[in-house]
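**Q** Take this structure first; my questions come after.
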Amino acid sequence: MRLPGRYDGVARPIVTYGSNPVLHRPCAPVTEFDRDLRRLVLDMFASMEAADGVGLAANQIGVDARVFVIDCPDAGGEDVVGYVVNPVLTILEPAADEPAEEVTEEGCLSVPGPYAELPRAFRARVDGVNVEGDPVRIEATGMAARCLQHEVDHLDGTVYVDRLPEELRERLLAESRESVQQ
1 MRLPGRYDGV ARPIVTYGSN PVLHRPCAPV TEFDRDLRRL VLDMFASMEA
51 ADGVGLAANQ IGVDARVFVI DCPDAGGEDV VGYVVNPVLT ILEPAADEPA
101 EEVTEEGCLS VPGPYAELPR AFRARVDGVN VEGDPVRIEA TGMAARCLQH
151 EVDHLDGTVY VDRLPEELRE RLLAESRESV QQ
């Protein structure tokens with residue numbers, strides 16, 4: 001599932017909340033598995049790296065395609081690195097010693113600056129395909145599971161602040177606008 005030289009792409013600008021409609025609507029399924037898709041994935045890894053992120057959805061760089069990349073530690077501290085085209089999210093039952101959900105701070109490259117506590121399932125899985133159209137699966141716990149949920153939300157047109165109460169969301173968006181202007 002890893003691409004050789006996955007950080008050899010070109011970093012693209014990150015779309016911020018409210019600046020591009022592609023961030024606020026469900027993304028189109030990928031139907032063409034070609035050189036352009038491979039280039040997109042490489043550019044997404046480079047964009048995530050340049051922005052110091054742990055995950056990135058295609059619409060966060062203005063591309064209407066159901067693709068995300070991830071480079072994020074799981075609950076055990078192991079890095080979960082990969083990408084999924086046309087992902088389908090499944091929330092998994094926790095193991096006996098795991099919580100069903102975790103409430104921790106979450107942030108977003110498309111809402112630069114502020115973070116907010118948000119509950120997410122502790123264990124999650126995505127199933128999809130790679131750039132050749134072959135099946136792939138990523139299963140994760142902790143922060144990496146949060147990242148899987150966060151990125152699939154993006155592909156469905158939902159930014160994490162959309163899950164927050166309106167007053168908190170508006171305050172965070174105002175903070176984000178201020179941090180971008182500075």
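6 is the number that our numbering gives to position 6 of the sequence shown; each next residue is one higher, with no gaps.
In this text, a Cβ means the ideal position worked out from N, Cα and C, and glycines have one as well.
#1: Hey, how far is the Cα of A144 from the Cα of A75?
#2: When the Cα of G133 is compared with those of G18, P13, T16, V30, which residue comes out closest?
#3: Please name the residue in R66, D162, D34, P13 whose C-alpha comes closest to that of D127.
#4: Of the residues V111, R125, V131, Y17, which one's Cα is nearest the Cα of G53?
#5: Whose C-alpha, out of L168, E151, G55, L56, is nearest the C-alpha of L88?
#6: So, with DSSP's three-state summary, where would you put G201?
#7: Restricting to Cα atoms, I'd like to know which of R39, D34, F68, D43 is closest to D153.
#8: Can the beta-carbon of R125 be found closer than 8 Å to that of E139?
#9: Between E175 and the rest of its own chain, which residues show a CB-CB distance below 7 Å, the 5 nearest in sequence each way excluded?
#10: What residues are listed by DSSP as bridge partners for T104?
#11: At the level of alpha carbons, what is the spacing between G157 and A58?
#12: Suppose you measure from the CA of C72 to the CA of R123; what does that come to, to the nearest Å?
#13: Who are the near neighbours of P119 in its chain, counting only those whose CB is closer than 6 Å to its CB and skipping five residues on each side?
#14: Quick one: is R146 buried, meaning 16 or more other Cβ sit within 10 Å of its Cβ, or exposed?
#15: Mark E167 as exposed unless 16 or more other C-beta atoms lie within 10 angstroms of its C-beta, in which case mark it buried.
#16: From the DSSP output, in three-state form, read off L109 for me.
**A** With the structure as the only source:
#1: 7 Å
#2: V30
#3: R66
#4: V111
#5: Note on identity: in this sequence residue 88 is Val, with Leu being the wrong assignment. Measuring from the Cα of V88, the nearest candidate turns out to be E151.
#6: Coverage of the chain is limited to positions 1 through 182, which leaves residue 201 absent and any answer about it impossible.
#7: F68
#8: yes
#9: G113, P114
#10: L118
#11: 11 Å
#12: 14 Å
#13: E101, V103
#14: buried
#15: exposed
#16: coil
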